[in-house]
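A.B. asks: Numbering of the sequence shown is given in full-length UniProt numbering, commencing with residue 1 and proceeding in unit increments. We put the beta carbon where it would ideally sit given N, CA and C, even for glycine. To start, I am sharing the structure in question, which I have written as structure tokens.
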Amino acid sequence: MAKNVFSVPIFFILFRESLEASIIIAVLLSLVEQIVLSSSRGHPSLSSQAHREGSEPSFGRARTRESKAEGPEEGDANTAAHDHTTEAQALSNNKRRLIRKMRLQVLVGAVVGLAIALAIGAAFIAVWFTKVVDLFSSAEELWEGIFSLIASILIFVMGLTMLRMDRAREKWRVKLSDAFESKMGSTSGKNGKWVLFILPFITVLREGLEAVVFIGGVSLGQSATAIPLAAITGLICGLLVGYFIYASSSRTSLSMFLIASTSFLLLIGAGLFSKSVGAFERYKFNTKVGGDVAEAGNGPGSYDVVGNIWHLNCCNPESKTDALGWSIFSAIFGWSNNGSFGTVLSYVFYWIAAIIVLVAMKNQEVRT
1 MAKNVFSVPI
11 FFILFRESLE
21 ASIIIAVLLS
31 LVEQIVLSSS
41 RGHPSLSSQA
51 HREGSEPSFG
61 RARTRESKAE
71 GPEEGDANTA
81 AHDHTTEAQA
91 LSNNKRRLIR
101 KMRLQVLVGA
111 VVGLAIALAI
121 GAAFIAVWFT
131 KVVDLFSSAE
141 ELWEGIFSLI
151 ASILIFVMGL
161 TMLRMDRARE
171 KWRVKLSDAF
181 ESKMGSTSGK
191 NGKWVLFILP
201 FITVLREGLE
211 AVVFIGGVSL
221 GQSATAIPLA
231 AITGLICGLL
241 VGYFIYASSS
251 RTSLSMFLIA
261 STSFLLLIGA
271 GLFSKSVGAF
281 ERYKFNTKVG
291 GDVAEAGNGP
301 GSYDVVGNIW
311 HLNCCNPESK
321 TDALGWSIFS
331 AIFGWSNNGS
341 FGTVLSYVFY
351 WIAAIIVLVA
361 MKNQEVRT
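Below, the structure written as structure tokens:
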């Protein structure tokens, strides 16, 4: 079954976290040159550092002394102009070397943070599925409902905060500028030397640990075999999308993409919220009849008729024989062949809550 191979919620969790991390790193890389050039106009220490990064001997000054020995005023003027051009070219080359060095620090910090986050995530998932999940097998429906509820709330918060990601450029421009000024003004050189490494390292590591927490909230209702492919695909897609969005340098395309992604995340969250209510109802029904009724199939006796709105003998995403694409619809939209007042109303209330929060966020943004 598709849900045993690829977990859609976990894909979007990793996609969202890797997208945010890639956008932040892209912002840092794109702003390094801007920060260096703007700071060089008002920060004398930048010129001295640029010369220390690889400046050549003062060829222009030697030529000036030779020209003065020649005597004519025209020669002095030409030599002075050549001296100015040579120094400008040398400073430009040294700035480029400094920019490359700073970008390398950002990339190395991001890669190290990603590696540590992946190692922690792999260890967490291994321990979770080998030591913890078996503890919940006696009340699987109950725990599936609890963790689906937690996951739906996490996705709700994550999806709404994703809308503010397009404002990250200015925030990280300020952070990078502060880090650069700290590096320029460091007297010992030890703290400033690593600040451009630490900033992306902490950022990527934090995003990775957030993803681990979210995966822990979702994975109880998932098969262990459904996690690796979804996690790797979500990570790669998030990095690629973040790169292409900022390669286009279009804030409009980023905003439209974030709106579409948030809408899709909320669809998944609403489905999980509805499925959590359905899991609680099944647990209550199983307890009432004195055992698991999975053997009853899809027909009468397999569900509680009290409060039921519809029940289809087909289109069952849990079926081992004819799930077809319904398991995909269940993973993405929370589809079930059995609908009750609780599952339908919970789906509606989830979207009402999302609308209320979005309106409040918009009003707050207008006031500020």
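1. Judging by CA-CA distance, which residue of V157, S336, M256 is the nearest neighbour of E210?
2. Going by DSSP in three states, N337 sits in which element: helix, strand or coil?
3. Is it buried or exposed, F12, if we count other Cβ atoms within 10 angstroms and call 16 or more buried?
4. Using the three-state DSSP reduction, which class does N313 fall into: helix, strand or coil?
5. Report all residues from its chain with a CB closer than 6 Å to the CB of V32; omit the five preceding and five following residues, and keep chain order.
6. So A151 and P9 are in contact, right, with Cβ under 8 Å, and what is the actual spacing, rounded?
7. With distances taken from CA atoms, which of V204, V277, C237, V112 is nearest E144?
8. On the DSSP bridge assignment, give the partners of N308 in chain order.
9. State the Cα-Cα distance for the pair A62 and N93, rounded to the nearest angstrom.
10. Buried or exposed for A26, please, with buried defined as at least 16 other CB atoms from any protein chain shown within 10 angstroms of its CB.
11. Using C-beta distances below 8 Å, list every residue in its chain close to S346, excluding the 5 sequence neighbours before and after it, in chain order.
12. Expressed to the nearest angstrom, what Euclidean distance is found between the alpha-carbon atoms of N308 and C315?
13. Could you give the C-beta distance for V106 and L29, rounded to a whole number, given that I count them as a contact under 8 Å?
14. State yes or no: is the C-beta of F6 within less than 7 Å of the C-beta of L239?
15. Is it buried or exposed, S263, if we count other Cβ atoms within 10 angstroms and call 16 or more buried?
16. Where does F11 sit, in a helix, a strand or coil, going by DSSP?
17. Please state if the CB of W310 and the CB of G339 are separated by a distance shorter than 7 Å.
18. For A69, count neighbouring Cβ atoms within 10 angstroms of its own Cβ and tell me buried if that reaches 16, exposed if not.
19. Does P44 pass the burial test, meaning 16 or more other C-beta atoms within 10 Å, or should it be called exposed?
20. Taking all protein chains shown into account, decide if N312 is buried (16 or more other Cβ within 10 angstroms of its Cβ) or exposed.
21. Kindly indicate which three-state DSSP category E207 falls into: helix, strand or coil?
22. Comparing alpha-carbon positions, which option in G208, E281, W335 lies nearest P317?
23. Put F285 into one of helix, strand or coil per three-state DSSP.
24. If you check the beta carbons only, do V204 and G271 fall under 7 Å apart?
25. Out of F257, L149, F280, which one is the CA nearest neighbour of M162?
26. So the candidates are C237, V357, V305; which of them puts its Cα closest to the Cα of R16?
27. Report buried or exposed for E365, applying the criterion of at least 16 other Cβ atoms within 10 angstroms of its Cβ.
28. If distances are taken between C-alpha atoms only, which option among A360, G159, V359 comes closest to I268?
C.D. replies: So, from the listed chains and residues:
1. Answer by Cα proximity: V157.
2. N337 falls in the coil class under three-state DSSP.
3. That one is buried.
4. Looking at N313 - three-state DSSP - the assignment turns out to be coil, as it is neither helix nor strand.
5. Sequence-distant Cβ neighbours of V32 in its own chain, meaning closer than 6 Å and more than five residues away, are I99, M102, R103.
6. Contact check for A151 and P9: beta-carbon distance about 7 Å, within the 8 Å limit, so the pair qualifies.
7. The residue from V204, V277, C237, V112 with its alpha-carbon nearest to that of E144 is V277.
8. In the DSSP output, where bridge partners are listed per residue, N308 has S340.
9. Because the pLDDT of A62 is 42, which lies under 50, any placement of that residue in the model is unreliable, and the number read from its coordinates should be weighed accordingly. So the two alpha carbons sit approximately 20 Å from each other.
10. In the assembly as shown, A26 is a buried residue. Its beta-carbon has 16 or more other beta-carbons within 10 Å.
11. Result list for S346: F273, S274, S276, V277, in chain order.
12. So the two alpha carbons sit approximately 17 Å from each other.
13. Under the criterion of beta carbons closer than 8 Å, V106 and L29 qualify as touching, at roughly 6 Å.
14. Contact flag unset, no.
15. Residue environment analysis places S263 among the exposed positions, since fewer than 16 neighbouring C-beta atoms fall within 10 angstroms of its C-beta.
16. In this structure, F11 counts as helix in the three-state DSSP scheme.
17. Taking C-beta atoms as the reference points, G339 and W310 count as a pair closer than 7 Å.
18. Reliability fails at A69, whose pLDDT of 47 lies under 50, so the model's placement of it is uncertain and the value that follows must be treated cautiously. Exposed is the call here.
19. Confidence is the limiting factor: at P44 the pLDDT is only 46, short of 50, which leaves the residue's position unreliable, though a coordinate-based value still follows. Here P44 is exposed, its C-beta having fewer than 16 other C-beta atoms within 10 Å.
20. In the sequence as displayed, the identity of residue 312 is Leu instead of Asn. Label assigned to L312: exposed.
21. Here E207 sits in helix by DSSP.
22. Here the closest residue by C-alpha is W335.
23. In the structure shown, F285 sits in a helix (DSSP, three-state: H, G or I).
24. One thing to note: V204 has its Cβ no nearer than 7 Å to the Cβ of G271.
25. Taking M162 as reference, the option from F257, L149, F280 with the minimal CA-CA separation is F257.
26. For R16, the nearest C-alpha among the options comes from C237.
27. Note on E365: under 16 other CB atoms within 10 angstroms of its CB, so exposed under the neighbour-count rule.
28. It is G159.
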